[in-house]
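Right, one structure below, let's go through it.
Residue numbers (this note's numbering), protein chains in the order written: chain A, 412 to 560; chain B, 412 to 560; chain C, 412 to 560; chain D, 412 to 560; chain E, 412 to 560; chain F, 412 to 560.
Below you can see the structure in the form of structure tokens.
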């Protein structure tokens with residue numbers, strides 16, 4: 412793993428997903444200094460496609476990805492799917508198994524490797540709760556997906 | 412999700428997995444104040460059973476679980492498996508797919524819910540890298556599993 | 412496995428799922444003698460969430476679980492999911508793959524282990540048919556999930 | 412589901428897997444009367460391939476399948492795999508996830524459908540325990556696979 | 412693998428899926444000479460059940476399978492499911508993960524093995540694109556399922 | 412899907428996997444004309460890691476990927492894994508489920524999209540047989556994985 416903790420793109424994404432627009436200000440400053448882009452958001456749903464759509468929309472609107480270029484959307488999509496695995500832990504399904512999720516998410520795009528040729532990577536982090544559609548009958552869940560972009 | 416951030420057992424476990432014995436001292440104090448138990452460790456392997464074994468051994472030695480009681484080991488085991496899903500994101504396999512993982516882990520046991528009847532829960536967090544068995548050809552991965560105990 | 416066959420909670424659950432309210436009377440007497448609780452039901456659906464809901468509702472109504480306590484519902488939920496794996500054998504999906512299931516189910520709650528510290532466990536058994544949404548184009552399927560509670 | 416309970420090939424297979432050579436004598440008589448073939452066996456392993464091999468060997472030796480004909484072995488193999496799903500409930504893996512299984516199995520071959528054109532089918536049932544490689548730290552598991560042959 | 416390339420049922424099915432009614436005429440002649448049956452079709456959907464249904468309907472209408480016989484439909488269904496795995500590569504889901512597929516399919520039924528006892532087998536091939544519900548944001552995918560019938 | 416058939420990277424990869432160094436010469440000429448790179452190979456194994464390794468080694472030796480750059484190896488690795496899904500159709504496992512595979516593979520790297528910004532993509536195709544470790548007890552299988560690189 413990179414010695415330089417500030418370049419740990421996955422860890423950074425998780426810390427952003429733990430907070431909201433007001434939190435982790437020093438981390439955000441560091442990301443800005445590195446020239447990395449990021450965004451944060453929130454989504455609650457019983458349907459995974461709504462979660463995927465919310466993250467994609469946020470990434471496009473905040474300019475993290477170029478929505479005219481399929482290769483960027485392809486990289487993002489697979490990072491989202493991988494993050495979803497951590498949330499669902501076995502069956503990539505929510506409502507169909509009578510459960511729901513309330514999540515904060517973050518997306519970070521940057522260059523985590525020292526070698527220039529490694530180029531840009533994207534990290535998607537999810538943090539929140541998953542459980543029955545009954546208030547309070549839920550526990551925390553987390554997911555992280557990383558892909559080259 | 413609990414308003415009281417200090418009782419977010421999953422978030423706490425992740426933060427512990429991000430650090431080592433010397434880190435997150437204020438968090439550790441808070442856990443101690445709550446009367447919760449926790450431990451941290453490190454494991455690198457191409458075989459998932461070694462990762463499972465390392466976490467189980469640590470939990471037993473540090474007294475997080477009572478290793479004479481199957482129900483405690485059963486709760487821990489399923490929390491570990493769920494955390495592994497976040498690391499492997501699709502195929503619960505490492506060496507068999509020619510990849511390896513280097514992980515920090517943490518286990519936290521406590522009462523995340525305000526209602527006394529909810530009793531104790533256990534969280535297992537994993538953080539590190541996964542990738543080819545080639546130095547540096549790896550990216551970060553994270554996993555969290557939570558179970559009632 | 413326990414020498415004492417009457418305490419085999421999974422086997423008991425399966426035998427109950429094979430029958431209805433009128434069947435397995437001697438087994439039911441034995442369960443009553445042990446102080447274990449159980450219930451039986453029936454559900455047919457192309458949507459897994461309906462099957463999950465039917466089992467949860469039955470367990471709550473018959474008092475097998477305390478529906479005010481999340482840890483009990485969490486234990487039950489995971490036992491149901493595990494039982495569903497035996498029914499679906501690979502893809503945890505019904506209608507989405509154009510198939511339907513007609514099932515009898517049973518839930519048994521008791522102490523299968525001799526050691527007092529092992530406490531209570533819950534078993535969910537499913538038995539019925541799975542197949543195309545065409546009468547008779549189906550074969551049998553079975554599933555069993557067991558969890559500490 | 413067939414009205415005629417004696418022709419429920421899956422239920423019959425499960426009942427045989429619950430017992431040994433000495434048990435379920437009246438069921439065995441009924442199977443004989445129907446002209447169906449069956450066998451029973453026992454296998455304990457941390458490796459799934461050993462379980463698959465034990466069932467295949469038993470089926471060949473007892474003449475349940477013709478081991479010179481691939482289509483028969485193909486039908487049996489998929490029935491075994493489906494039964495294994497019920498045992499492993501999510502990850503088709505034992506030792507690689509640090510767990511072991513001790514199982515009784517049965518294979519039944521017969522004609523469960525009234526219509527002659529439906530021909531022969533094969534059912535593989537598994538029943539036993541799965542758990543940590545520690546005596547007693549295990550719970551029951553069951554699996555059933557059915558295929559046309 | 413069979414030396415006789417013309418009897419490679421899977422390869423033949425793929426080549427048919429690559430083309431339409433007008434293509435692969437020499438292959439079709441060879442299949443006719445062998446006495447094998449086949450059909451081709453096209454389906455686009457965000458729901459897997461529509462894809463399964465389209466293939467089943469085509470197989471029934473073109474007389475590739477006898478739709479009155481469950482064992483034939485069972486063989487076809489599992490061949491379809493196996494082919495779908497190649498298309499979805501991990502999560503057997505389309506719209507639920509916000510993706511869609513546009514596919515050509517083919518079904519071939521014949522005797523790929525020299526030994527008479529091996530009887531008939533069925534191959535289902537899928538070829539097309541999978542991707543976001545945005546024109547052009549898609550890449551190719553392929554799937555093949557083979558079963559004894 | 413691209414109107415221009417010659418740019419269908421997945422179809423091209425499959426056709427290459429169907430043949431050997433001597434076959435598909437006109438296709439190879441077209442690929443050369445497009446400036447795309449490709450390679451072919453052969454691997455038989457009961458262990459998936461050997462299959463992954465054989466494909467990676469071939470891609471490195473033939474210069475299809477730059478083995479000093481992790482992002483290229485990462486793109487290739489995920490394309491291989493996706494192709495393996497088509498071969499294994501459900502459980503990403505061979506020997507652990509007592510089966511073996513004999514495969515031809517091909518890798519194609521090129522620009523399948525007309526838009527320059529879409530850049531390079533990589534396709535991995537697998538074609539061969541999967542079955543019991545008994546000569547002739549096997550049927551065909553196919554897999555295709557595509558990724559941006």
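Where a beta carbon is used, it is the ideal one built from N, C-alpha and C, also for glycine.
Chain A contact for residue i (CB, 8 angstroms cutoff)
i: residue 561 of chain F; result: Past the boundaries of the shown model lies residue 561 of chain F; chain F is included only from 412 to 560, so the question cannot be answered.
i: residue 459 of chain C; result: yes
Listed by chain order, chain B residues near residue i by CB distance under 7 angstroms
i: residue 482 of chain C; result: 529, 530 and 559
i: residue 496 of chain A; result: 496, 497, 500 and 501
i: residue 429 of chain A; result: 422
Neighbouring residues, chain D, relative to residue i (Cβ below 8 angstroms)
i: residue 419 of chain C; result: 551
Beta strand (DSSP E) segment containing residue i, residue limits
i: residue 549 of chain C; result: 549-559
i: residue 468 of chain F; result: Looking at the DSSP string, residue 468 of chain F is not in any beta strand (DSSP E); the run it does join, the alpha helix (DSSP H), is 459-472.
i: residue 481 of chain B; result: Where residue 481 of chain B is concerned, there is no enclosing beta strand (DSSP E), although the alpha helix (DSSP H) it sits in stretches over 481-499.
i: residue 539 of chain E; result: 532-542
i: residue 454 of chain B; result: 448-456
Cutoff 8 angstroms: residue i Cβ touching any chain D Cβ
i: residue 416 of chain B; result: no
i: residue 556 of chain C; result: yes
i: residue 472 of chain C; result: no
i: residue 514 of chain B; result: no
i: residue 438 of chain B; result: no
8 angstroms Cβ cutoff met for residue i and residue j
i: residue 482 of chain B; j: residue 530 of chain C; result: yes
i: residue 459 of chain A; j: residue 505 of chain A; result: yes
i: residue 428 of chain E; j: residue 515 of chain E; result: yes
i: residue 424 of chain E; j: residue 495 of chain E; result: no
i: residue 524 of chain A; j: residue 543 of chain E; result: no
Chain A residues whose Cβ lies nearer than 7 angstroms to that of residue i
i: residue 425 of chain B; result: 425 and 553
Residues that residue i contacts on chain C, provided the C-beta gap is smaller than 9 angstroms
i: residue 451 of chain E; result: Under the 9 angstroms cutoff, chain C gives no residues; its nearest Cβ is about 20 angstroms from residue 451 of chain E.
C-beta neighbour in chain F for residue i, strict 8 angstroms
i: residue 486 of chain A; result: yes
Neighbouring residues, chain D, relative to residue i (Cβ below 7 angstroms)
i: residue 577 of chain B; result: In the structure as shown, chain B starts at 412 and stops at 560, and residue 577 of chain B therefore has no counterpart that could be examined.
8 angstroms Cβ cutoff, residue i in contact with chain E
i: residue 508 of chain A; result: no
Segment limits, alpha helix (DSSP H) that includes residue i
i: residue 440 of chain D; result: 436-445
i: residue 512 of chain D; result: Here residue 512 of chain D belongs to no alpha helix (DSSP H); instead the beta strand (DSSP E) covers 511-521.
i: residue 425 of chain C; result: 420-428
7 angstroms Cβ cut-off: residues of chain E touching residue i
i: residue 504 of chain C; result: 503
i: residue 547 of chain C; result: 481
Cross-chain neighbours of residue i in chain B, by beta carbon under 9 angstroms
i: residue 543 of chain D; result: 467, 481, 484, 485 and 488
Test: residue i CB closer than 8 angstroms to a CB of chain H
i: residue 493 of chain C; result: In summary, chain H is missing from the structure at hand, where the protein chains are A, B, C, D, E and F.
Chain B contact residues for residue i, given Cβ-Cβ distances below 8 angstroms
i: residue 463 of chain F; result: 508 and 509
| Taking one C-beta from the segment 498-510 of chain F and one from the segment 537-549 of chain E each time, how about it: are there three or more such pairs within less than 8 angstroms? | no
| With a cut-off of 8 angstroms, do at least 3 Cβ pairs link the segment 543-558 of chain A to the segment 552-560 of chain B? | yes
| query | Should the segment 434-442 of chain A be regarded as contacting the segment 464-476 of chain A, the criterion being three or more beta carbon pairs within less than 8 angstroms? | reply | no
| message | Count Cβ pairs between the segment 470-488 of chain C and the segment 507-527 of chain C that sit closer than 8 angstroms; are there 3 or more? | response | yes
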